[in-house]
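A quick write-up on the structure given underneath.
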Amino acid sequence: MSKELNKKEELILFLSDTDEREGLLGKKNRKLLSDPLTDNNPITVQVLGICSALAITVQLKPAIVMSLAVMAVMAFSNMIISLLRNSIPSRIRIIVQLVVVAALVILVDQVLRAYAYDVSKELSVFVGLIITNCIVMGRLEAFALGNGVYKSFLDGIGNAAGYAFILILVAFFRELLGAGKLFGYQVIPDSFYEFGYSNNGLMLLSPMALITVGIIIWVQRSRNRALIEEN
Amino acid sequence: MKWIRRKLDQARKPFGPGQKLEKYAPAINAFDTFLFTPNHTTKKGAHVRDVVDLKRTMITVVIALIPALIFGMWNAGAQYLYQERNLGSVTDVPFWEALTEGAILVFPLIAVSYIVGLTIEFIFAIYRGHEVNEGYLVTGLLIPMIFPVDIPLWMLAISVAFAVLIGKEAFGGTGMNILNPALTARAFAFFAYPLYMSGNQIWVHEGSTDSISGETILGSLAEGKEVAYSFSDAFIGFIPGSVSETSTLMILIGAAILILTKVGSWRIILSGFIGAAVMGLIFNAFGSNALMSFDWYMHLVVGGLAFGLVFMATDPVSAAQTFKGKWIYGFLCGFFGVMIRVFNPAYPEGIMLAILLMNVFAPTIDHYVVQANVSKRKKRLAKAKANLQTA
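From first to last, the protein sequence lines stand for chains A and B. Sequence positions in the first sequence follow this note's numbering and run 572 to 802. Sequence positions in the second sequence follow this note's numbering and run 26 to 416.
Okay, structure coming up:
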C-alpha cells in the first residue's frame with residue numbers, strides 16, 4: 572500500500588480491524604445492526620435469553636428499561652472485550668468476560684437505582700442476572716473476540732435491539748390482554764368491561780410469555796422457511 | 026342417495042385438479058367424506074384395512090357422549106328451574122321443560138365451539154394442503170360439555186381457538202398433539218378467566234344472582250361446609266357442575282359403548298378409578314380436614330373425575346400406548362386428580378390438571394415400559410443361550 576492514509580482513515584482501520592475501508596454505516600455494518608432484528612434474532616432464532624423474556628414482560632415499562640440496560644451492557648462489554656481481545660489468554664477468557672460484564676451490570680444497576688428506583692425495584696434480581704444472560708456471553712464469545720471494536724459495538728447494539736424487539740412485543744401483548752393497560756394506563760375503555768369483556772389472567776402468568784414467544788417463532792418460521800432446522 | 030351423490034359431484038367440479046378452486050378442495054372433500062365412505066383404495070403393496078377408520082372411531086365417541094350430553098342439558102335446565110321456582114327437589118321440574126330450557130342454554134355453546142374450531146381447522150387444511158381431519162368432531166363436542174353453562178360465548182370462542190391453534194395445529198394437527206385439546210381449552214379458560222370458571226356461583230344458570238346458588242360439592246367442601254347431596258344424587262347426576270360432568274351413570278353408559286367398541290381403553294378407565302379410590306382411601310386414613318375425610322367413593326362420583334377419566338384420559342393420541350403403560354398412566358391420572366383436588370382447594374378440578382400432566386408424561390411411561398420389555402427379553406435370551414451351552 573503506497574497510498575498514505577490520513578489520520579481519520581487510520582483510526583477507522585484500527586477500530587474496524589479490516590483491510591477494507593467502508594463507511595461507519597456501510598453495507599456490512601448495517602447488516603450487523605439489522606440481522607439480529609430479523610433472521611438472526613437472539614431470542615426467536617438462537618433461543619437465548621428466554622428466562623428474562625419470561626420474567627419481566629408482564630408490563631411494557633420494565634421490559635423497555637430492561638432492554639435498555641441489556642443494550643448498554645452488551646454494547647460496552649462487546650467494545651471492551653474487543654479492545655482487549657489480543658491480550659486475553661484464551662484459557663481465562665470466560666473469567667475476563669465475566670468480570671467485564673459484571674462490572675458493567677453493577678454500573679447499570681446503580682444508575683437504575685439512582686434515576687429509576689421504582690422500575691429498578693420491579694426488575695429486582697433480573698438486572699443482576701444480566702450477567703448470566705446467554706446473549707451477552709454468546710456475543711462476546713462469537714463476535715467480540717474476533718472482530719474490531721467498532722463492529723463489535725454495532726453487533727452489541729444490534730443483538731440487544733433484537734432482544735428488545737421481542738421483549739417489547741411480548742410485553743405489549745401481555746400488558747394489553749392481561750391487564751388492559753399500556754405503560755400502566757388503561758387503554759381498553761370501560762364500556763368494553765361493561766359489555767362483559769374481561770382481562771385474560773393467563774397472560775399475566777409466565778407460561779403465556781413462553782407461548783407468545785412460541786407464536787412469534789412459529790409465524791417467523793412459516794414466513795421464512797430457511798430458518799426451520801432439519802433433523 | 027344417488028341424488029345427493031350426483032349433486033355433490035356437480036358441486037365439486039370446480040374443485041377438481043387444475044380447476045380454479047383446487048386450493049379449496051379439502052373443504053368439499055370433508056363434506057364428501059362426511060356423507061359418503063371414501064372410495065379411494067390403497068395403490069401399492071398388500072394392505073389389510075379395517076372398516077374402522079378415523080371417522081368411524083370419532084363418530085363412536087360422539088355417540089358415547091350423547092347420553093351424558095342429553096343428561097347435561099336436562100340437568101342445566103332442571104338445576105336452574107328448581108331453584109328459580111323454589112321446588113322441593115331437582116326431579117320435581119317437568120322433564121320436557123327442563124330439557125328445553127337446558128337445550129337453549131347449551132346449544133349456543135356447542136355451536137360456537139364447532140364454528141370457531143372448524144373454521145380454524147379448515148383454514149389450516151387449506152393452507153397446509155391436507156384434508157380436514159375428523160378429530161375436531163369429538164373435541165368440538167367435548168369442549169362445551171366441560172364448561173360451566175354460563176360461560177360467556179366469546180370466552181369459549183377464545184379458549185377453543187387457543188386449544189386448536191396452540192394445543193393442536195402448532196404441533197402439526199390431528200394425531201400430533203401432546204395434550205388433549207379439549208382439556209387445553211378448559212385449562213386455558215380456567216387460568217385466564219378464573220371468575221367465570223371456578224368459585225361457587227357459576228355452576229347453575231344465573232348463579233351469580235342472589236336467589237340462585239350455584240355451588241358445586243367440591244366448592245362447598247373447600248369452604249368447610251357440609252355436603253348436601255347423597256351418593257345416589259351425585260351418581261345419577263342431580264348436582265350442579267359443568268354441563269355434562271355431573272352424571273356418573275350416563276358417563277358409565279358412554280364408557281360401556283367405548284369399551285364394547287374397543288375405541289376407549291378399559292385399562293385406563295379402570296386403573297383411573299382405582300387410582301382415585303386409592304388416593305381417597307389414603308386421605309380418609311388421615312382425615313384431618315373436611316376435604317381429606319370426604320369419603321373415597323364420593324370422590325369417584327363428584328366433579329369431573331369420571332368424565333375426565335372416561336372421555337379425556339382415553340384420548341388415543343395423548344394417552345400412553347403400551348398396555349402396561351396404560352395401567353400406570355390411568356392410575357396416576359386418578360391418583361393425582363384426587364390429590365390436587367384435596368391439597369389445593371383452589372383447584373377443585375384436579376382431574377383436569379392431572380390428565381394434562383400425565384399427557385406430558387405418557388411418552389416417558391411408554392419408553393420405560395418398552396425398555397423394560399427389551400431388557401427382559403435380552404435376559405431371557407442370555408439364559409437360553411447359557412442353557413444351550415451346558416446341554
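Think of the CB as a built atom: it goes at the ideal place given N, C-alpha and C, for glycine as much as any other residue.
*At least three beta-carbon pairs within less than 8 Å, the stretch 282-301 of chain B to the stretch 333-341 of chain B*: When C-beta atoms of the stretch 282-301 of chain B are compared with those of the stretch 333-341 of chain B, three or more pairs fall below 8 Å, so the two segments count as touching.
_Where the alpha helix (DSSP H) through B/T144 begins and ends_ = Unbroken alpha helix (DSSP H) run through B/T144: 120-153.
*asked:* The alpha helix (DSSP H) that contains B/M364, what's its start and end?
replied: 348-368
*CA-to-CA distance, A/N771 to A/V533, given in whole angstroms*: Absent from the structure is residue 533 of chain A, since the part of chain A shown begins at 572 and ends at 802.
*Using a Cβ cut-off of 9 Å, pull out every chain B residue sitting near A/S769, in sequence order please.*
P177, M180, A217, Y218, L220, Y221
*Go ahead and label B/T199 buried or exposed: buried means 16 or more other beta carbons lie within 10 angstroms of its beta carbon, across all protein chains shown.*
buried
*For B/A101, return the contacting residues in chain A, with the cut-off set at a CB-CB distance below 7 Å.*
Simply none; closest approach about 20 Å.
_Cut-off 8 Å between Cβ atoms - residues of its own chain near A/A687, not counting five sequence neighbours on either side_ = V636
_Reduced DSSP category for A/M572 - H, G, I as helix; E, B as strand; rest coil_ = Note that A/M572 has pLDDT 44, beneath the 50 cutoff, so the model's placement of it is unreliable and no number is given.
_Per-residue burial, A/I677 [other beta carbons within 10 Å of its own, 16 or more giving buried]_ = exposed
_Run through chain A and tell me which residues come within less than 8 Å of B/F149, C-beta to C-beta._
By Cβ distance, chain A contributes nothing, its closest Cβ being about 11 Å from B/F149, past 8 Å.
_Here's a check: name, in chain order, each residue in its chain whose Cβ is nearer than 7 Å to the Cβ of A/D848, leaving out the five neighbours to either side._
Residue 848 of chain A falls outside the range modelled here, since chain A spans only 572 to 802, and no answer is possible.
*Exposure label - A/P660; buried when at least 16 CB within 10 Å*: exposed
*asked:* Nearest by alpha-carbon distance to A/Y768: which of B/V288, B/R31, B/Y218, B/G224 is it?
replied: B/Y218
*Skipping 5 residues on each side, what residues in its chain have a beta carbon closer than 8 Å to that of A/V698?*
M637, A640, V676, V679, D680, L683, S691
*Got a sec, what are the start and stop residues for the alpha helix (DSSP H) A/P778 sits in?*
777-794
*Does any residue of chain B bring its CB to less than 8 Å from the CB of A/I782?*
yes
_Does A/K752 come out as helix, strand or coil in the three-state DSSP assignment?_
strand
*In angstroms, rounded to a whole number, what distance separates the CA positions of A/S573 and A/L655?*
With a pLDDT of only 44 at A/S573, under the threshold of 50, the placement of this residue in the model should not be trusted; the figure read from the coordinates follows. Each residue's Cα considered, the two are about 30 Å apart.
*Could you tell me the distance, in whole angstroms, from the CA atom of B/K27 to the CA atom of A/L798?*
50 Å
*Quick one: grab the DSSP three-state call for A/Q630.*
coil
*State yes or no: is the beta carbon of A/L773 nearer than 8 Å to at least one beta carbon in chain B?*
yes
*For A/L617, name the three-state secondary structure that DSSP assigns.*
At residue 617 of chain A the sequence reads Gln, which differs from the Leu that was named. Note: A/Q617 maps to coil in three-state DSSP.
*Secondary structure at A/Q757, three-state DSSP: helix, strand or coil?*
strand
*Do you know offhand how far A/S777's Cα is from B/S257's?*
42 Å
*If we count the other Cβ atoms within 10 Å of its Cβ and call it buried at 16 or more, is A/L725 buried or exposed?*
buried
_Complete alpha helix (DSSP H) runs within the stretch 286-332 of chain B (minimum length 4 residues, chain order)_ = 291-311, 321-326
*Mind listing, in chain order, the continuous alpha helix (DSSP H) runs of no fewer than 4 residues lying wholly within the stretch 363-402 of chain B?*
none
*Return the CA-CA distance between B/G113 and B/E231, expressed in angstroms with no decimal places.*
19 Å
*Relative to the alpha-carbon of B/F147, which residue among B/F187, B/W121, B/Y49 has its alpha-carbon at the smallest distance?*
That would be B/Y49, whose Cα lies nearest to the Cα of B/F147.
*asked:* Quick test of your reading: A/I627 and A/V784, contact by CB under 8 Å. State the CB separation rounded to the nearest angstrom.
replied: Actually they are not in contact, since the Cβ atoms of A/I627 and A/V784 sit about 13 Å apart, beyond 8 Å.
*Excluding the 5 residues preceding and the 5 following B/I261 in the sequence, name in chain order all residues of the same chain whose CB lies nearer than 7 Å to its CB.*
S272, L274
*Anticipated Cβ contact below 8 Å, A/S723 with A/A715, distance rounded*: 4 Å
*For B/D175, count neighbouring Cβ atoms within 10 angstroms of its own Cβ and tell me buried if that reaches 16, exposed if not.*
B/D175 should be labelled buried.
*asked:* With three or more beta-carbon pairs closer than 8 Å as the criterion, would you say the stretch 343-354 of chain B touches the stretch 166-174 of chain B?
replied: In short, these stretches do not touch, since the Cβ pair count stays below three.
*Interfacial residues, the stretch 184-200 of chain B to chain A, with Cβ spacing under 7 Å*: I191, A195
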